[in-house]
Structures are given as C-alpha cells and as structure tokens.
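Visitor: The structure that follows is given in the form of structure tokens.
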C-alpha cells in the first residue's frame, strides 16, 4: 500500500464556506481538509448540508463566502481540471437511462482520458452487467453498480460518493464498500463518502466529519472518536429528578437513582464529579458511532 | 485466520483485530512462523479500510507478536512458547483487570473478591459447577 509522501498533500481544502437558501443557512462556516489517501465519512441528518457541501466540491455551486479548493484548484473556475480527476456517484445515479451498458461504457471512455478499459471489463463482469441491457430497465441495485463502474474505471484520484448505498440491498452495499476499499488499497486514492448508515462509515472510514445544521460538530480520527467516547452507568444515593450537570457529558438518560451518561474524555474526571454528588460509577463501556451521532445531533439541536 | 469485526461494537476496529490475533496466538491457532494475510487481502475480506488493518499490524509488531519484512509479509514471531504463554497471560490479565474494576464499582472489597475466586475455583474442582467442559 502506498503511504504518500511525508507532508501529506491536501486534496480538498474548504475554508469557512457559507451557503444560504433563502433565509436558511445550508452551510454555516464549514472548514474541512482531506489529505491524500484518506477515507472520510461524512455523516449528518437529512438536510444537514452534506449534499450541498459535495456540490461545492464538484463545482456545481459557487462559494457565497469562504473558499473551496480541490487539487489546489477552484472547481468553479476550472471544471475540467477538477472533474477529470473525480469519480462521482450520487444516490440518484444521474445516468442516461436510454443508453445500454456498452453504450454507457463507450461514452464514458471517450469522456475520461485516463479510462482503463481492462478495469472496466473486469468490473462489468464482476457486477454481472450485460452489455445489451438498457439502463432504464435495470434494477436499482444494478443501476448503482453501473454508476459505480463509470465512477471507478478511469481510476480517479478522488472518489466522491453521495449516499451511494441509500435504498440498496446489503449485497450491492457490500459491492460499494468493497469498491471503496479496493480503490484506496490498490492506488492510495482519496475517498469522501456521505452516508446515514453509520455502521458502513465505521467499517471503511479513517476519519469522520459530522455536520449538523450546516456546521461541523465533530471532525476526528474514527478510532480516536471511539476511544474517547464512553457510556458510563452510575447510581446515586438519592433519587434525582434532573440529570446531573457535568461538563463533558454529551447526553444523559435514566431517572431516579440510576443514570447513564455519554461521556467525552477521561472517565477519571467524571468519577470525581459523580462522587461529589453522592454517586458512583457502576459500569463503563464503549459506544457505537450510532449512539455518538445521536448524542451529538441532539446536543446540537438544543 | 478467522477474524470477525463488528462495526457496531464500541471497540475500534483496529483494536478488535489486534485482540483477536493475540487470542489466536495465545490459543496456538497461530504458531510462530505462520504468515498473516497481507493488509490488502485482510482488508478486502473483512471489508474494512486497509489503513485500519495496517494500524492493527503496526500495533502487533510493536507488541512483539509479529514481524513484518518489507515485501515479504507479516509473520508470527519466534520464541513461540514464551510468546504464547505471555499472550495467554495478557488475555487473562485483561479479564482480571475488568473483574477488579467491576468489583470496586459494585462496592465489593478486594478481600471478598479473592475469597469469591477461591470459592468458585473450589466448586469447579468438586464438579459442582454445571456446564464445565473437560479436556
């Protein structure tokens, strides 16, 4: 596997990006960098700003405020310079439905200078796509595979996947995840993919960025996120009507004497705070990204 | 090499791989000189990020359990007898640590815990414990 050069090259640099739709701020000062070779999972609720952000990277939207650089270039000013290096797959697929699979392949091959026909043939076979099928008649899963073929076969430096597996069955989803993995394993390429399926994000990302109402609320190494978030169960001597107010606790559940906190940081600090309130910790465990996401989302909504 | 990762687990995936390889070495399923699958192959079969597998292998190397020679692959280290024994101890130390921690959290004094361990061990010896497998 390629590990890149010592000073990691920045493939994507977004700085203080703002986008408004009417009075609503779809992106509210988003900053983000992606280094070569990274797999970044972009998560957030529907309407959080994920697709709007991706559209800026593709040059489909102009930055209202702030800046967007992809491969060091402005995607709006230099679409060919940027788009020729990005493999893109969206939830809708955006494929010309009247084309046959072989027509789509020929059309795409003409479009991208780096098209790898051998790789395209291999993927077509692997995905079980017959040349004479019309895209409009394919199942949703097969159409997603056709879109994936086009996004991968020119061996793009950056793979952008916007909710690629939304509404697809587990087998197609596995194909998509497998493709992400092979993309980086084979070539040390960079991947950004958005998903609301957090278990997928956990499986393949090395970094997670969480957006909430147009803002980045979490941006960290995935393993570090999991190592620093804990679920802590505790009991108090006396029943409580409200959750304890302790800095570092992202979410609380429970009632009476038993409470459970989602805690960010070392539990030692929590232990002292709980003891001071007449309670003690009875159990500490790890937390799934799902729970962390829900906690941060509700914290952001407060 | 049979490894299962669960993304929903609270434990980071690289650590799940590290722990399972350690266990395989401890149990002797992986013996010294055995080759681990390449990073690409394991990443592909587990459907996880190759960087994650690479990180797990780095940790295993730092712990002295495997050695990687560039271009040749990753192998379980020699001195297997002591390594396997040390690994068995490491696995048990993990469990003992969480037992001690949980007892403290439940307010059971250490002396009582030790007594409990003796009692339970005695019940194994006399065969009182149901469901104990032999051999």
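Protein chains in written order, with my numbering: chain W, -12 to 289; chain D, 2 to 136.
Glycine included, every Cβ here is placed at the ideal spot set by N, Cα and C.
Give every residue of the same chain whose Cβ lies closer than 7 Å to the Cβ of residue 84 (chain W), excluding the five residues on either side of it in the sequence, and list them in chain order.
Guide: Indexing the first chain from 1 puts residue 84 (chain W) at position 97. 122, 123, listed in sequence order.
Visitor: Among residues of its own chain, excluding the 5 on either side of residue 72 (chain W), which ones have a beta-carbon nearer than 7 Å to its beta-carbon?
Guide: Within the first chain, the letter at position 85 stands for residue 72 (chain W). Only 58, 143, 144, 145 meet the Cβ criterion.
Visitor: Taking the CB atoms as reference points, tell me whether residue 216 (chain W) and residue 254 (chain W) lie closer together than 8 Å.
Guide: Within the first chain, residue 216 (chain W) is the residue found at index 229, counting from 1. Within the first chain, residue 254 (chain W) is the residue found at index 267, counting from 1. No, Cβ-Cβ distance for residue 216 (chain W) and residue 254 (chain W) is not below 8 Å.
Visitor: Using a beta-carbon distance cut-off of less than 8 Å, what residues from the stretch 88 to 99 of chain D approach chain W?
Guide: Within the stretch 88 to 99 of chain D, no residue has a Cβ that lies closer than 8 Å to any Cβ of chain W.
Visitor: Check the Cβ-Cβ distances between residue 43 (chain W) and every residue of chain D, and say whether any is below 8 Å.
Guide: To locate residue 43 (chain W), count along the first chain from 1; it is residue 56. Not one chain D Cβ lies under 8 Å of residue 43 (chain W).
Visitor: Nearest CA to the CA of residue 87 (chain D): which residue from D:26, D:12, D:8?
Guide: Here residue 87 (chain D) corresponds to residue number 86 of the second chain, with the count starting at 1. Here the closest residue by C-alpha is D:26.
Visitor: Who are the neighbours of residue 95 (chain W) on chain D, taking C-beta pairs under 8 Å?
Guide: Position 108 of the first chain holds residue 95 (chain W). Simply none; closest approach about 25 Å.
Visitor: Can you give me the start and stop residues for the beta strand (DSSP E) that residue 127 (chain W) sits inside?
Guide: Along the first chain, one-based indexing puts residue 127 (chain W) at 140. Where residue 127 (chain W) is concerned, there is no enclosing beta strand (DSSP E), although the alpha helix (DSSP H) it sits in stretches over 127 to 139.
Visitor: How far does the alpha helix (DSSP H) with residue 67 (chain D) in it reach, from first residue to last?
Guide: Indexing the second chain from 1 puts residue 67 (chain D) at position 66. Not the alpha helix (DSSP H): residue 67 (chain D) falls in the beta strand (DSSP E), residues 67 to 70.
Visitor: Going by beta carbon distance, what residues of the same chain come within less than 7 Å of residue 135 (chain D), once the five residues before and after it are set aside?
Guide: Counting from one through the second chain, the residue named residue 135 (chain D) turns up at place 134. Annotation note: pLDDT 44 at residue 135 (chain D) (below 50); position unreliable, coordinate value reported separately. Excluding residues within five positions, none has a Cβ falling inside 7 Å.
Visitor: Can you pull the DSSP bridge partners for residue 52 (chain W)?
Guide: Here residue 52 (chain W) corresponds to residue number 65 of the first chain, with the count starting at 1. Per DSSP, W:5.
Visitor: Residues of chain W with CB closer than 9 Å to the CB of residue 22 (chain D), please, in chain order.
Guide: If you number the second chain from 1, residue 22 (chain D) lands on position 21. What residue 22 (chain D) touches in chain W: nothing, since even the nearest Cβ is about 16 Å away.
Visitor: Select from the stretch 147 to 174 of chain W all residues with a C-beta closer than 9 Å to any C-beta belonging to chain D, and list them in chain order.
Guide: Cβ contacts with chain D come from 161, 164, 165, 167, 168, 169, 171, 172, 173.
Visitor: Is the Cβ-Cβ distance between residue 26 (chain W) and residue 167 (chain W) less than 8 Å?
Guide: Residue mapping note: residue 26 (chain W) aligns to position 39 of the first chain, counting from 1. Residue mapping note: residue 167 (chain W) aligns to position 180 of the first chain, counting from 1. For residue 26 (chain W) and residue 167 (chain W), yes; Cβs fall inside 8 Å.
Visitor: Any idea which residues DSSP pairs residue 266 (chain W) with across the strands?
Guide: Sequence index remark: in the first chain, residue 266 (chain W) carries index 279 (1-based). DSSP lists W:223 as partners of residue 266 (chain W).
Visitor: Mind checking whether residue 53 (chain W) and residue 3 (chain W) have CB atoms under 8 Å apart?
Guide: Locating residue 53 (chain W) in the first chain gives position 66, counting from the first residue. Locating residue 3 (chain W) in the first chain gives position 16, counting from the first residue. In contact: residue 53 (chain W) and residue 3 (chain W) (Cβ atoms closer than 8 Å).
Visitor: Please state whether the Cβ-Cβ distance between residue 204 (chain W) and residue 17 (chain W) is less than 8 Å.
Guide: Position 217 of the first chain, counted from the start, is the residue given in the question as residue 204 (chain W). Position 30 of the first chain, counted from the start, is the residue given in the question as residue 17 (chain W). Not a contact, by the Cβ cut-off of 8 Å.
Visitor: Taking the straight line between their C-alpha atoms, what separation do you get for residue -9 (chain W) and residue 90 (chain D)?
Guide: For the purposes of this step, residue -9 (chain W) is identified with residue 4 of the first chain, where counting begins at 1. For the purposes of this step, residue 90 (chain D) is identified with residue 89 of the second chain, where counting begins at 1. Its pLDDT being 44, under 50, residue -9 (chain W) is placed unreliably in this model, and the value from its coordinates should be taken loosely. Roughly 38 Å between the two C-alpha positions.
Visitor: Counting along the chain, where does the beta strand (DSSP E) carrying residue 19 (chain D) start and finish?
Guide: Locating residue 19 (chain D) in the second chain gives position 18, where the first residue counts as 1. Counting along the chain, residue 19 (chain D) falls outside any beta strand (DSSP E), though it belongs to the alpha helix (DSSP H) covering 14 to 27.
Visitor: Distance cutoff 8 Å, beta carbons only. Does residue 110 (chain D) sit that close to anything in chain W?
Guide: Start at 1 with the first residue of the second chain, and residue 110 (chain D) comes out as number 109. For residue 110 (chain D), the answer is no, since every Cβ of chain W falls outside 8 Å of its Cβ.
Visitor: Just the chain D side, please: which residues come within less than 7 Å of residue 214 (chain W) by C-beta, in chain order?
Guide: Counting from one through the first chain, the residue named residue 214 (chain W) turns up at place 227. Those within 7 Å of residue 214 (chain W) in chain D are 13.
Visitor: Spatial neighbours of residue 189 (chain W) within its chain, please: C-beta separation below 6 Å, excluding the five flanking residues on both sides.
Guide: As a first step, residue 189 (chain W) is located in the first chain; it is residue number 202 there, counting from the start. The residues are 276.
Visitor: Listed in chain order, which residues of the stretch 81 to 113 of chain W have Cβ atoms closer than 8 Å to some Cβ of chain D?
Guide: Correct list: empty, as no residue qualifies.
Visitor: Please say whether residue 130 (chain W) and residue 184 (chain W) have beta carbons closer to each other than 8 Å?
Guide: If you number the first chain from 1, residue 184 (chain W) lands on position 197. If you number the first chain from 1, residue 130 (chain W) lands on position 143. For residue 184 (chain W) and residue 130 (chain W), no; Cβs fall outside 8 Å.
Visitor: Is residue 71 (chain W) helix, strand or coil when you go by DSSP?
Guide: The sequence position of residue 71 (chain W) within the first chain is 84, counting from 1. Residue state, collapsed to three classes: coil.
Visitor: I'd like the ranges of any beta strand (DSSP E) spanning at least 3 consecutive residues and lying wholly in the stretch 236 to 260 of chain W.
Guide: 236 to 251, all fully within the stretch 236 to 260 of chain W.
Visitor: Note down the Cα distance separating residue 28 (chain W) from residue 191 (chain W), rounded to an integer number of angstroms.
Guide: Taking the first chain and counting its residues from 1, one reaches residue 28 (chain W) at position 41. Taking the first chain and counting its residues from 1, one reaches residue 191 (chain W) at position 204. So the alpha carbons of these two residues sit roughly 8 Å apart.
Visitor: My output table needs one value for residue 63 (chain D): the three-state DSSP class, helix, strand or coil.
Guide: As a working note, residue 63 (chain D) is residue 62 in the second chain. Of the three classes helix, strand and coil, the one that applies to residue 63 (chain D) here is helix, per DSSP.
Visitor: Please list the partners that residue 189 (chain W) has in chain D, where partner means a Cβ-to-Cβ separation under 8 Å.
Guide: Taking the first residue of the first chain as 1, we reach residue 189 (chain W) at position 202. What residue 189 (chain W) touches in chain D: 8, 9, 14.
Visitor: Can you tell me whether residue 199 (chain W) is helix, strand or coil according to DSSP?
Guide: In the first chain, the residue the question calls residue 199 (chain W) occupies position 212. Here residue 199 (chain W) sits in strand by DSSP.
Visitor: Can you tell which of D:35, D:9, D:52 has the C-alpha that lies nearest to the C-alpha of residue 171 (chain W)?
Guide: For the purposes of this step, residue 171 (chain W) is identified with residue 184 of the first chain, where counting begins at 1. Here the closest residue by C-alpha is D:52.
Visitor: If we define contact as Cβ-Cβ less than 8 Å, is residue 17 (chain D) a contact residue for chain W?
Guide: Reading the second chain from its first residue, position 16 is the one you call residue 17 (chain D). Chain W contact via Cβ: absent.
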